[in-house]
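Student: Please find one structure pasted underneath; my questions will follow.
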Amino acid sequence: MNSKRDSRQALSRLLDAVTQPLVAVLISLLLGAVVILVIGKNPVEAYGEMIRGAFGKKVYLMNTLKRATPIIMGGLAVCIAWRSGYEAMGGEGQMILGAMAAALAAYYLPLPGPMRILAALAAAAAVGALYSMLSGWLYEKFDVTFVISTLMLNYIANYFAAYLCNYPLRDPEANVYQMQNAQTGKIPSFATLPPIAKGWVHWGFVLALIAVILTWFLFSKTTFGYKSRIGGLNARFALYGGINPRRMLYVVMILSGLMAGLGGAFEALGSKGRYVDQMIFSTGYAWSGMVAALLAGMNPVGTAVASILLAGLAVGGSTMMLNMSIPLEVCNIIEGIITLLMSVKLVRIAAGNRKARKAAKGGEAA
Amino acid sequence: MMYLAQVINSTLREISPILLVALCAGVCSKVQVFNIALEGTLLTSAFFAFLTHYFLHNIFLSIAVAMAVAMCMSFVMSFFIVRLKGQPMIVGMALNTFARGFTTFLLSVIFNTKGAVNPSDMKGLTKLSLPVIRDIPFVSTVFSSLTAIDYLSFVLAVVMFIIMYRTVIGFRLRALGMSANAASSLGINVQRYQIAAATLSGCLIGLAGCLLTLGRSTMFIQDISGARGYVALAANNLCKGHPLGAIVSSALFGFTTALAQSLQGTAIRQQLLQCIPYISTIAAMAIYNVYAKRKAAAN
């Protein structure tokens, strides 16, 4: 009996959680279709291309999963920080520095194969965590709000990384006459994250999925989820309950930054094989991660699913651009509208209106 | 000496867009609408100012269109936050993502490029040359090639001060920001005021957008707003929404940007120089907060 009710409750909760994202995605796809119509293309055909280009063939699917890897990690970073009440948006900067740290460690450290990969991952995690702690420190010591500190730190990280790969750590074998983004040296193949099997996505994706499970475990099976939320939402109450909010702030920031830093490392070690100028900034991985986390209501598993869909949107979008010459930025427009619609509780507003109407009706009847 | 005059001059030119956006941020913060869509609004209005001028060659029409576009964006922002109770941060980021995608999309559809559009025959805002000032050596450099909007931005700061602190409407706006309940008990329709204030103040961002694409040079580059919206947010945070204070805090950021520009071509690499405005933003906020805390503790 009880278990039946439990499962029914779980089902209705799941429905609640899924309805709004679905509605948001549908509306934004419709608006995207209008945009495609306006430039004189066939939206049905365009979306067909998009889906085919994202999931239609194994190669395409693997591309989607590859792109999803840093997005998942950026999403987890947002989940961890936002669930605790710290609306930090520093994932981008942490990812950039993480990617840079991993690329440098894997290129310069004189270690044998697997050790070098581990060292690179550790370096990325450490750098991401430290950079995230910096914004926590600015908040705690100097009351600099997360919005401003993290946004500024993102730009600083991107310019700093651009400096590094343009001048002191530029690829020694780079052809100066070739027009291309500056980059660091090519990581030897034994120090990169290899594909799981031939023609498959690299191991970073698997590691990202493990991170998803760990985050889920942390939030649902330990007291950490509760403690961190209390620490962020009401510091005084937390103190009363024996939780040190200051320590919680740093723990949350470290975990969040670690995820973002690793996300950068997966991209550098698994996908690019080096740090390429603007590789994180121009692709907007961290922002897509934030949208994914938002779509999933800060649920780690849902974030992974949403990340894969958003990655599919971008990968399919580039196929659409190639085959139908529709600018890729349609995807940014769609992503923006999805986010905008997710910012409001659509379902709750509709339900609230219904309730209010019902109440009004009931009042009249009485 | 000449060098100093040039730095002051480029400081002045960097101040005005940030000041205009900060003034809008000030109004929004006074009525408790947390507006982080400033960046996207600035970018979109800059693009439309450019686009209108490119096709219609009319500067006044461009300014009007830019202001209208900025007000539309601000309306959507405030409607979602105030009326639909959207989470402000997410609404803002959504609009910023949208703006980035939308402008780049139109750029590639209309101009078939994703980088920069720099038509050579375009004439932007007229650079004013004031009668007496242009004959004084040092001062003439300081005030050279400023447009009417640059001067107007300082006037508008004073105007905004008068509106917010010396008129009934300003009083109401500040009152509803302090206590929405108290204001609504006085018969003020709080939500309507909030949306109207946020929407109308959006036209200030439109002016700033014109400065970016039609001011110093007439061109549009992808992401031309370059985080000025965020910097303005910080500037507004520093002056606690006071319009006259915004002049000072915008000047701080204008100066660091100008400094970074003037150091270009020296031994320090450009990418490191570009960090300066962002680092000083954080530093200024940290220093100010420590100072405010000390002062509060002393009282």
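Line by line, the protein sequences give chains A and B. For the first sequence, the working numbering assigns the number 47 to the initial residue and increments by one for each residue that follows. For the second sequence, the working numbering assigns the number 14 to the initial residue and increments by one for each residue that follows. Glycine included, every Cβ here is placed at the ideal spot set by N, Cα and C. Since the model is a prediction, treat every value here as computed from it, not as a measurement.
(1) Can you grab the Cα-Cα spacing for the pair L169 (chain B) / F73 (chain B), in whole Å?
(2) Is it buried or exposed for Q284 (chain B), if we count other Cβ within 10 angstroms and need 16 for buried?
(3) Could you give the uninterrupted runs of the alpha helix (DSSP H) lying entirely in the region 287 to 327 of chain A, keeping only those of 4 residues or more?
(4) Which residue wins for smallest C-alpha separation from G358 (chain A), given the options A:F312, A:M299, A:S334, A:M370?
(5) Measuring only between beta-carbons, confirm whether G278 (chain B) sits less than 9 Å from chain A.
(6) With M416 (chain A) and E95 (chain A) assumed to form a contact (beta carbons below 8 Å), what rounded beta-carbon distance in angstroms separates them?
(7) W128 (chain A) and A339 (chain A) look like a contact to me (Cβ under 8 Å); what is the Cβ gap, rounded to whole Å?
(8) On the DSSP bridge assignment, give the partners of I234 (chain B) in chain order.
(9) Return helix, strand or coil for P156 (chain A), following the three-state DSSP convention.
(10) To test your reading of the DSSP string, which unbroken alpha helix (DSSP H) runs of 4 or more residues are found completely within the region 262 to 286 of chain B?
(11) Cβ closer than 8 Å: which chain A residues qualify as neighbours of A247 (chain B)?
(12) Measuring only the C-alpha atoms, how far is N88 (chain A) from A195 (chain B)?
(13) Check whether chain A comes within 9 Å of N312 (chain B), counting only Cβ atoms and requiring the distance to be less than that.
(14) Where F263 (chain A) and M344 (chain A) are concerned, what is the direct C-alpha to C-alpha distance, given to the nearest angstrom?
(15) Compute the Euclidean distance between the alpha carbons of G258 (chain B) and L164 (chain A), then round it to the nearest angstrom.
(16) Give the list of continuous alpha helix (DSSP H) stretches no shorter than 4 residues that lie fully inside the region 76 to 132 of chain B.
(17) If we ignore side chains and look at the alpha-carbon of each, how far apart do Y301 (chain B) and L75 (chain A) end up?
(18) Between which two residues does the alpha helix (DSSP H) holding S197 (chain B) run?
(19) Which residues in chain A sit within 8 Å of L108 (chain B), going by Cβ to Cβ distance?
(20) Using a beta-carbon distance below 9 Å, is L285 (chain B) in contact with chain A?
(21) With DSSP run on the structure shown, which of helix, strand or coil describes L56 (chain B)?
(22) Using a Cβ cut-off of 8 Å, pull out every chain A residue sitting near T294 (chain B), in sequence order please.
(23) Relative to the ligand PLP, is the shortest distance from any of its heavy atoms to the C-beta of A273 (chain B) smaller than 8 Å?
(24) If you measure beta-carbon to beta-carbon, which residues of the region 113 to 138 of chain B are closer than 7 Å to chain A?
(25) What's the C-alpha gap between I178 (chain B) and N48 (chain B)?
(26) Can you name, in chain order, every residue of its own chain whose Cβ lies under 7 Å from the Cβ of L246 (chain B), other than the five neighbours on each side?
(27) Check whether chain B comes within 9 Å of A413 (chain A), counting only Cβ atoms and requiring the distance to be less than that.
(28) Nearest to T196 (chain A) by alpha carbon, out of A:A79, A:L387, A:A332?
(29) So for L239 (chain A), helix, strand or coil by DSSP?
(30) Closer than 8 Å, Cβ to Cβ, to anything on chain B: give me those residues from the region 336 to 351 of chain A, in chain order.
(31) Counting pairs of beta carbons, one from the region 283 to 300 of chain A and one from the region 156 to 170 of chain A, are three or more of them closer than 8 Å?
(32) Residue range of the alpha helix (DSSP H) that K306 (chain B) falls in?
(33) Whole angstroms is fine: what's the gap from M141 (chain A)'s alpha carbon to G120 (chain A)'s?
(34) Any beta-carbon of chain B closer than 9 Å to the one on D52 (chain A)?
(35) Please list, in chain order, the chain B residues whose beta carbon lies closer than 7 Å to that of L184 (chain A).
(36) Distance cutoff 9 Å, beta carbons only. Does I146 (chain B) sit that close to anything in chain A?
Tutor: On the basis of the coordinates in this document:
(1) 18 Å
(2) buried
(3) 291 to 312
(4) A:S334
(5) no
(6) The requested residue 416 (chain A) is not part of the displayed model; chain A covers only 47 to 412.
(7) 7 Å
(8) B:A129
(9) coil
(10) 283 to 286
(11) I194, M198
(12) 54 Å
(13) no
(14) 14 Å
(15) 51 Å
(16) 101 to 123
(17) 45 Å
(18) 193 to 198
(19) G382, L386
(20) yes
(21) helix
(22) I194, M198
(23) As for the ligand PLP, it is missing from this structure, which has no ligand bound.
(24) R113, G114, F115, T117, F118, S121, V122
(25) First, the amino acid is wrong: residue 178 (chain B) is Tyr here, not Ile. Taking the straight line joining both Cα atoms gives about 21 Å.
(26) A38, I49, L51
(27) Summary: the structure shown does not reach residue 413 (chain A), with chain A confined to residues 47 through 412, and so no result is reported for it.
(28) A:A332
(29) coil
(30) M336, V337, L340
(31) no
(32) 289 to 311
(33) 8 Å
(34) no
(35) I295, A299
(36) no
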